[in-house]
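Student:
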Amino acid sequence: MKSFRFLLLGLGMWLAAGPSAQAEGLDELRAREEKVKAIVQRVMPCVVAVTSADEDKPGSGSGVIVSKDGLILTAAHVTQATGNNLTIIFPDGRRVKGTSLGANRTTDAGMARITEPGDWPFVEMGSSDLLKLGEWVVAMGHPGGYSYERRPPVRLGRVWRRDLDGALFTSCPLIGGDSGGPLFDLEGRVIGIHSSIHGSVEMNRHVAIDTLRFDWEKLEKDQTWGKVSFNSSNETRPITGALFDRESRDGVVVKQVFEDLPAAKAGLKSGDVVKKFDGEEVANFHAMQRLLGRRKPGDVVPLAVQRGDELVDLQLELGRRFLPRRDGQGNVPSDEPEEGPSVPFVPEAPGPRPWLGAAVELSADGPRLGLLSPEGPAAKAGLKPGDVLTKINGTAVKDATEVSDVLLALPPEATATFELKREGQPLSLEVKLGKK
Amino acid sequence: MKPPLLHRPLLLAGWLLAATGWGFAKEPATPEDESADGVAAAVSDRAQDQFSRETPEMAAAWSSLLETARRSTARILREGKPIALATTVNEKGWLLTKSSEVHDSKGKPLVNLSAQFSGGITLDVKITDIHARYDLALLKVEARGLTPVEWDTAATPAPGSYLAAAGPERLPVAIGVVSVAPRNMDESHKGFLGISLENEEGNLRIREVGTDSAASEAGLLKDDVLISINGQSINTVSDFIQKIATHKPYDTVKVLIRRGQEDKELSATLRRREENHVGLIEDARNLMSGALSRNRTGYPAALQHDMFLEPAECGGPVIDLAGHVVGINIARSGRIECFAIPSATIVELLKKVETGKFARPELDDLRNEVKNAEALLERVRKDTDRLKSQLKDAEGGESP
Numbered sequence: 003m004k005s006f007r008f009l010l011l012g013l014g015m016w017l018a019a020g021p022s023a024q025a026e027g028l029d030e031l032r033a034r035e036e037k038v039k040a041i042v043q044r045v046m047p048c049v050v051a052v053t054s055a056d057e058d059k060p061g062s063g064s065g066v067i068v069s070k071d072g073l074i075l076t077a078a079h080v081t082q083a084t085g086n087n088l089t090i091i092f093p094d095g096r097r098v099k100g101t102s103l104g105a106n107r108t109t110d111a112g113m114a115r116i117t118e119p120g121d122w123p124f125v126e127m128g129s130s131d132l133l134k135l136g137e138w139v140v141a142m143g144h145p146g147g148y149s150y151e152r153r154p155p156v157r158l159g160r161v162w163r164r165d166l167d168g169a170l171f172t173s174c175p176l177i178g179g180d181s182g183g184p185l186f187d188l189e190g191r192v193i194g195i196h197s198s199i200h201g202s203v204e205m206n207r208h209v210a211i212d213t214l215r216f217d218w219e220k221l222e223k224d225q226t227w228g229k230v231s232f233n234s235s236n237e238t239r240p241i242t243g244a245l246f247d248r249e250s251r252d253g254v255v256v257k258q259v260f261e262d263l264p265a266a267k268a269g270l271k272s273g274d275v276v277k278k279f280d281g282e283e284v285a286n287f288h289a290m291q292r293l294l295g296r297r298k299p300g301d302v303v304p305l306a307v308q309r310g311d312e313l314v315d316l317q318l319e320l321g322r323r324f325l326p327r328r329d330g331q332g333n334v335p336s337d338e339p340e341e342g343p344s345v346p347f348v349p350e351a352p353g354p355r356p357w358l359g360a361a362v363e364l365s366a367d368g369p370r371l372g373l374l375s376p377e378g379p380a381a382k383a384g385l386k387p388g389d390v391l392t393k394i395n396g397t398a399v400k401d402a403t404e405v406s407d408v409l410l411a412l413p414p415e416a417t418a419t420f421e422l423k424r425e426g427q428p429l430s431l432e433v434k435l436g437k438k
Numbered sequence: 094m095k096p097p098l099l100h101r102p103l104l105l106a107g108w109l110l111a112a113t114g115w116g117f118a119k120e121p122a123t124p125e126d127e128s129a130d131g132v133a134a135a136v137s138d139r140a141q142d143q144f145s146r147e148t149p150e151m152a153a154a155w156s157s158l159l160e161t162a163r164r165s166t167a168r169i170l171r172e173g174k175p176i177a178l179a180t181t182v183n184e185k186g187w188l189l190t191k192s193s194e195v196h197d198s199k200g201k202p203l204v205n206l207s208a209q210f211s212g213g214i215t216l217d218v219k220i221t222d223i224h225a226r227y228d229l230a231l232l233k234v235e236a237r238g239l240t241p242v243e244w245d246t247a248a249t250p251a252p253g254s255y256l257a258a259a260g261p262e263r264l265p266v267a268i269g270v271v272s273v274a275p276r277n278m279d280e281s282h283k284g285f286l287g288i289s290l291e292n293e294e295g296n297l298r299i300r301e302v303g304t305d306s307a308a309s310e311a312g313l314l315k316d317d318v319l320i321s322i323n324g325q326s327i328n329t330v331s332d333f334i335q336k337i338a339t340h341k342p343y344d345t346v347k348v349l350i351r352r353g354q355e356d357k358e359l360s361a362t363l364r365r366r367e368e369n370h371v372g373l374i375e376d377a378r379n380l381m382s383g384a385l386s387r388n389r390t391g392y393p394a395a396l397q398h399d400m401f402l403e404p405a406e407c408g409g410p411v412i413d414l415a416g417h418v419v420g421i422n423i424a425r426s427g428r429i430e431c432f433a434i435p436s437a438t439i440v441e442l443l444k445k446v447e448t449g450k451f452a453r454p455e456l457d458d459l460r461n462e463v464k465n466a467e468a469l470l471e472r473v474r475k476d477t478d479r480l481k482s483q484l485k486d487a488e489g490g491e492s493p
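So the protein lines, in turn, are chains A and B. Note that the first sequence ends on residue 438 in the working numbering; no numbers are left out. Note that the second sequence ends on residue 493 in the working numbering; no numbers are left out.
1) Assuming Leu-431(A) and Gly-384(A) form a contact by the criterion Cβ under 8 Å, report the distance between their Cβ atoms to the nearest whole angstrom.
2) With 16 other CB atoms within 10 Å as the buried threshold, where does Pro-155(A) fall?
3) Which chain B residues are close to Gly-27(A), counting only those with a beta carbon under 7 Å from its beta carbon?
4) Between Arg-425(B) and chain A, is the shortest Cβ-Cβ distance under 8 Å, so that the two count as touching?
5) Select from the region 414 to 447 of chain B all residues with a C-beta closer than 8 Å to any C-beta belonging to chain A, and list them in chain order.
6) Out of curiosity, what's the CA-to-CA distance linking Asp-401(A) and Leu-316(A)?
7) Strictly below 7 Å CB to CB, what residues from chain B border Gly-159(A)?
8) Could you tell me whether the region 78 to 97 of chain A touches the region 106 to 113 of chain A, where touching means 3 or more Cβ pairs closer than 8 Å?
9) Quick check on Gln-397(B) - is its C-beta less than 8 Å from some C-beta in chain A?
10) Would the region 436 to 448 of chain B count as touching the region 236 to 253 of chain B if we require 3 or more Cβ pairs under 8 Å?
11) Please go through the same chain and pick out, in chain order, the residues whose beta-carbon is closer than 8 Å to the beta-carbon of Leu-391(A), but skip the five residues on each side of it.
12) For Gln-143(B), which option in Phe-92(A), Lys-134(A), Arg-44(A) has the closest C-alpha, if you only look at C-alpha atoms?
13) In chain order, what residues of the same chain lie with their CB nearer than 7 Å to the CB of Gly-396(A), ignoring the 5 residues before and after it?
14) With 16 as the cutoff for other CB atoms within 10 Å, does Glu-282(A) come out buried or exposed?
15) Identify whether Ala-452(B) lies in helix, strand or coil by the three-state DSSP scheme.
16) Chain B partners of Trp-357(A), CB-CB under 8 Å?
17) DSSP state of Leu-410(A), grouped into three classes?
18) Which residues, in chain order, does the region 235 to 251 of chain B contribute to contact with chain A at a C-beta distance below 8 Å?
19) Any C-beta of chain A sitting closer than 8 Å to the C-beta of Gly-324(B)?
20) Buried or exposed: Tyr-148(A), going by 16 or more other Cβ atoms within 10 Å of its Cβ?
21) Assuming Ala-114(A) contacts Ile-74(A) (C-beta within less than 8 Å), just tell me the rounded distance between them.
22) Rounded to the nearest angstrom, what separates Leu-188(A) and Leu-349(B) at their Cα positions?
23) With a cut-off of 8 Å, does the C-beta of Lys-39(A) fall near any C-beta of chain B?
24) Tell me where the beta strand (DSSP E) around Gly-63(A) begins and ends.
25) So, for Leu-185(A): in the same chain, excluding its five sequence neighbours on each side, which residues have a beta-carbon less than 8 Å away from its beta-carbon?
26) Looking at the secondary structure, which residues open and close the alpha helix (DSSP H) in which Phe-287(A) lies?
27) Against Ser-272(B), what residues of chain A qualify as contacts under a CB-to-CB distance less than 8 Å, listed in chain order?
28) Give a single yes or no on whether Gly-200(B) has its beta carbon closer than 7 Å to a heavy atom of the ligand MG.
29) Output yes or no for whether 8 Å exceeds the beta carbon distance between Ala-230(B) and Ile-220(B).
30) Do Lys-191(B) and Asp-228(B) have their beta-carbon atoms positioned less than 8 Å apart in this structure?
31) Beta-carbon of Tyr-227(B) versus every beta-carbon of chain A: anything under 8 Å?
32) If you check the beta carbons only, do Ala-208(B) and Ala-179(B) fall under 8 Å apart?
33) Of all the options Glu-358(B), Asp-332(B), Gln-325(B), His-282(B), which has the alpha carbon lying nearest to the alpha carbon of Leu-314(B)?
34) Need the endpoints of the beta strand (DSSP E) that Trp-218(A) sits in, please.
35) Give me the Cα-Cα distance between Pro-343(A) and Ile-211(A), rounded to the nearest whole angstrom.
36) Expressed to the nearest angstrom, what Euclidean distance is found between the alpha-carbon atoms of Trp-16(A) and Gly-136(A)?
Written as structure tokens, this is what we have:
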């Protein structure tokens with residue numbers, strides 16, 4: 003029940019990005035099936051097993067060949083370190099010699115190379131930054147290690163989540179041995195490398211191909227760095243204090259700037275388009291996130307911003323991520339050991355803040371209440387799941403972000419007037435907020 | 094369709110995916126903050142449902158293709174509780190299901206079984222035969238005029254082809270794709286010891302011993318160092334795998350190990366793979382992904398697919414996008430894999446269905462061989478008798 007509580011603790015937002023559920027008739031299914039069958043046949047020969055040639059060295063997984071001269075993308079935890087002797091096994095059982103190149107243990111991206119001469123079958127690489135949530139993808143690999151008795155099993159699923167480093171989460175189920183294997187888009191291009199699994203069958207994590215590309219030169223030059231981690235939004239990662247449009251291209255559109263936070267202090271405004279971040283051009287949100295990930299709180303980074311016809315230079319002093327629900331001594335209460343940031347954005351210092359006790363979802367009609375905490379302020383005030391909020395204390399609210407903005411501007415335990423629609427009928431309720 | 098799992102735990106632990114377990118790591122992770130820069134989102138379950146690979150629209154699209162097959166599908170109930178699906182194979186009341194789901198763990202048939210058909214009719218069920226290698230059971234209900242499934246024995250859906258599992262209801266039980274073309278997974282001729290090894294500075298150390306395995310019965314322990322099998326030294330993990338594979342189940346082998354400073358020779362009676370309850374790391378990773386079928390490998394012909402199927406959802410027909418029945422679901426085998434027995438194989442097994450027995454051509458072949466051998470023996474015996482009497486005659490002529 004822990005995650006249930008987690009869901010209720012904050013003002014949840016349903017982050018609807020990308021396409022919503024589209025009509026899926028038989029024609030769509032048949033068209034997708036044709037694509038999947040075609041790419042599976044084409045890419046199969048390039049999906050290799052990557053095993054240690056030295057019996058005393060660890061690691062056994064999968065990989066994919068991406069160049070004619072035998073460059074292989076795989077996972078960092080498969081190759082472990084630079085310069086290990088590898089045996090590369092093709093789906094037809096042919097074995098060739100290889101060696102491991104660089105590895106980024108933090109993102110779990112790794113590289114290897116076939117060391118025998120030859121023209122090897124290879125696949126193209128696609129782009130993970132331009133992927134939309136909901137896109138259909140194909141996973142292949144050598145689960146359980148290479149087997150003469152079967153070809154690499156095909157799995158079809160969808161990208162349903164991306165973390166701040168761009169890592170992809172899909173419903174293509176993975177298991178031991180798949181690590182390092184390829185995730186393909188429906189054009190047959192590699193867009194991810196299998197890394198880890200997290201509980202339910204739909205929680206499968208893949209290194210995004212653009213994250214790997216970001217490190218390309220270091221990986222090719224045999225560098226090995228970082229440490230194993232599955233969580234990119236850790237305490238040391240800096241924040242900007244602004245919301246960005248993840249779909250934007252040729253720069254990153256600022257959707258919202260939060261008061262008193264680094265972006266606002268730097269003079270960033272909503273509607274601005276960030277063209278350069280930290281001296282480098284940024285094509286999209288994920289590219290900017292990778293550059294941000296290299297910095298730490300307190301660093302000052304230059305921004306080049308398009309504002310209307312003007313190009314504006316700004317200096318952004320990065321902020322520190324807020325760590326929620328700590329007591330006065332800075333300790334996380336022991337009964338909630340691992341739930342991490344589950345509350346809406348709150349400026350700087352930890353402390354009690356207002357609590358609604360309802361998940362707010364996005365709907366076509368506006369911000370809609372989902373699950374309510376049974377004994378929470380929302381439930382006590384008579385709010386119900388399905389209620390669509392229109393105004394809080396006279397301020398119009400169009401989405402979940404605006405709901406959290408208005409509420410978080412209030413002191414804990416304040417009383418607020420909620421205007422809403424219940425089954426189409428307008429209704430006004432007084433809600434005494436709680437505190438967390 | 095399964096209901097959306099709203100209460101699914103968020104990233105409780107991450108598991109890296111190297112096959113051997115050597116490169117294996119586990120680390121607790123905290124839920125991530127999906128949105129930019131810490132604006133909160135209590136979220137990912139919702140995103141997961143929204144972008145599910147089995148959307149209501151897809152399920153609705155499949156329903157038109159399942160219209161025939163679902164009438165041939167029944168749900169097997171035990172005291173009202175669903176335990177498996179079954180496929181009607183003959184209008185006179187014969188059904189096929191997954192045998193291990195209608196037997197207890199000791200192989201004893203479960204009682205008080207009934208079959209609930211798509212119209213809601215529920216009938217008592219009797220088990221008339223089982224086929225152990227395919228884990229199939231033949232069932233009988235007292236009814237006529239049932240709708241038998243139409244097998245497509247020519248269908249060979251290629252990897253990547255869509256499949257759906259039919260249930261008695263309008264919507265599919267699950268949707269997935271073909272992962273691997275049908276193959277023979279029968280390892281019944283191979284012996285298994287039930288250990289995993291790691292090579293530690295040239296020593297083959299036992300990393301894990303299956304909890305109820307040939308190895309545990311023989312007294313092998315974790316951290317023992319393997320030296321030889323039947324006097325032949327074993328130097329690498331692949332040496333071990335190759336050596337053991339040359340032995341049959343129930344062969345007894347001498348295993349020489351070093352425990353501490355002491356060398357010990359133990360005697361191990363190998364088992365079939367499925368008789369080793371290994372419970373190794375791989376199983377743990379599979380199990381965290383949901384319940385698995387008790388019997389889940391070793392089928393002489395099986396197609397692998399990637400549906401998210403429950404063990405109690407095996408036994409029903411599998412349909413392709415042409416609406417053809419390509420097989421029967423036989424196992425939820427792991428996080429990534431389910432198996433279905435292809436239609437062509439099923440049709441062979443059902444050649445004598447109205448006798449209440451599976452056809453066993455392999456048994457018929459053996460019986461024929463025995464008959465031939467007996468005939469040969471009879472001929473040899475007659476020849477021997479004839480020769481003996483000739484000899485006797487000749488000896489009689491010689492005597493004075």
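Every residue gets a Cβ at the ideal spot worked out from N, C-alpha and C, and that includes glycine. This structure is a prediction, so every number in the text was calculated from the model and none was measured.
Tutor: Reading off the structure:
1) Numbered from its first residue, the first sequence carries residue 431(A) at position 429. Numbered from its first residue, the first sequence carries residue 384(A) at position 382. A Cβ-Cβ distance of about 6 Å is found for the pair Leu-431(A) and Gly-384(A), placing them in contact under the 8 Å criterion.
2) Translated into the one-based positions of the first sequence, residue 155(A) becomes position 153. Flag for Pro-155(A) reads buried.
3) As a first step, residue 27(A) is located in the first sequence; it is residue number 25 there, counting from the start. Near Gly-27(A) (Cβ distances below 7 Å), the residues of chain B are Ala-154.
4) For the purposes of this step, residue 425(B) is taken as residue 332 along the second sequence, with counting starting at 1. No, Arg-425(B) lies away from the interface with chain A (no Cβ there is under 8 Å from its Cβ).
5) If the cut-off is 8 Å between Cβ atoms, the region 414 to 447 of chain B has Leu-414, Gly-427, Arg-428, Ile-429, Glu-430 near chain A.
6) Sequence index remark: in the first sequence, residue 401(A) carries index 399 (1-based). Sequence index remark: in the first sequence, residue 316(A) carries index 314 (1-based). Cα-Cα distance, rounded: 29 Å.
7) For this step, residue 159(A) is matched to residue 157 along the first sequence. Going along chain B in sequence order, the residues near Gly-159(A) (Cβ under 7 Å) are Arg-146.
8) yes
9) Taking the first residue of the second sequence as position 1, residue 397(B) is located at position 304. Interface residue, yes.
10) yes
11) Taking the first residue of the first sequence as position 1, residue 391(A) is located at position 389. The answer, listed in chain order, is Val-362, Gly-368, Pro-369, Arg-370, Leu-371, Val-399, Val-405, Phe-420, Glu-421, Leu-422.
12) Residue mapping note: residue 143(B) aligns to position 50 of the second sequence, counting from 1. Per the Cα distances, Lys-134(A).
13) For this step, residue 396(A) is matched to residue 394 along the first sequence. So the list is empty, once near-sequence residues are dropped.
14) Walking along the first sequence from the start, residue 282(A) turns up at place 280. Exposed: under 16 other Cβ atoms inside 10 Å.
15) The sequence position of residue 452(B) within the second sequence is 359, counting from 1. Ala-452(B) falls in the coil class under three-state DSSP.
16) Your numbering for residue 357(A) matches position 355 in the first sequence. Ordered by position in chain B, no residue passes the 8 Å Cβ test against Trp-357(A), which lies about 12 Å from the chain.
17) Within the first sequence, the letter at position 408 stands for residue 410(A). Helix, per DSSP.
18) Ala-251
19) For this step, residue 324(B) is matched to residue 231 along the second sequence. Answer no: the Cβ-Cβ gap between Gly-324(B) and chain A never drops below 8 Å.
20) To locate residue 148(A), count along the first sequence from 1; it is residue 146. Flag for Tyr-148(A) reads buried.
21) Here residue 114(A) refers to the residue found at position 112 of the first sequence. Here residue 74(A) refers to the residue found at position 72 of the first sequence. Between Ile-74(A) and Ala-114(A) the Cβ distance is about 4 Å, and since that is below 8 Å, they are a contact.
22) As a working note, residue 188(A) is residue 186 in the first sequence. As a working note, residue 349(B) is residue 256 in the second sequence. Near 53 Å, if we compare the C-alpha coordinates of Leu-349(B) and Leu-188(A).
23) Residue 39(A) sits at position 37 when you count from the first residue of the first sequence. It does; some Cβ of chain B falls within 8 Å.
24) As a position in the first sequence, residue 63(A) is number 61, starting the count at 1. Gly-63(A) -> beta strand (DSSP E) spans 62 to 67.
25) By 1-based counting over the first sequence, the position of residue 185(A) is 183. Cβ within range, chain order: Val-139, Val-140, Ala-141, Leu-170, Thr-172, Cys-174, Val-192, Ile-193, Gly-194, Ile-195, His-196, His-208.
26) Numbered from 1 along the first sequence, position 285 holds the residue referred to as residue 287(A). First-last of the alpha helix (DSSP H) with Phe-287(A): 287 to 295.
27) If you number the second sequence from 1, residue 272(B) lands on position 179. In chain order: Pro-155, Val-156, Arg-157.
28) Ligands in the displayed structure: none, and consequently the ligand MG is not present.
29) In the second sequence, residue 230(B) corresponds to position 137, counting from 1. In the second sequence, residue 220(B) corresponds to position 127, counting from 1. Their beta carbons are under 8 Å apart, which means Ala-230(B) touches Ile-220(B) by this criterion.
30) Locating residue 228(B) in the second sequence gives position 135, where the first residue counts as 1. Locating residue 191(B) in the second sequence gives position 98, where the first residue counts as 1. The answer is yes: Cβ separation under 8 Å.
31) The residue given as residue 227(B) occupies position 134 in the second sequence. No, Tyr-227(B) lies away from the interface with chain A (no Cβ there is under 8 Å from its Cβ).
32) Counting from one through the second sequence, the residue named residue 208(B) turns up at place 115. Counting from one through the second sequence, the residue named residue 179(B) turns up at place 86. Against a cut-off of 8 Å, the Cβ pair of Ala-179(B) and Ala-208(B) comes out as a contact.
33) As a working mapping, residue 314(B) is identified with position 221 in the second sequence. Closest by alpha carbon: Glu-358(B).
34) Within the first sequence, the letter at position 216 stands for residue 218(A). Note, Trp-218(A): premise wrong, no beta strand (DSSP E); alpha helix (DSSP H) at 218 to 222.
35) Here the question's residue 343(A) lines up with position 341 in the first sequence. Here the question's residue 211(A) lines up with position 209 in the first sequence. With a pLDDT of only 27 at Pro-343(A), under 50, the local geometry of the prediction cannot be trusted, and no value is derived from it.
36) Position 14 of the first sequence, counted from the first residue, corresponds to residue 16(A). Position 134 of the first sequence, counted from the first residue, corresponds to residue 136(A). At Trp-16(A) the pLDDT is 32, less than 50, meaning the model places this residue with poor confidence and gives no usable figure here.
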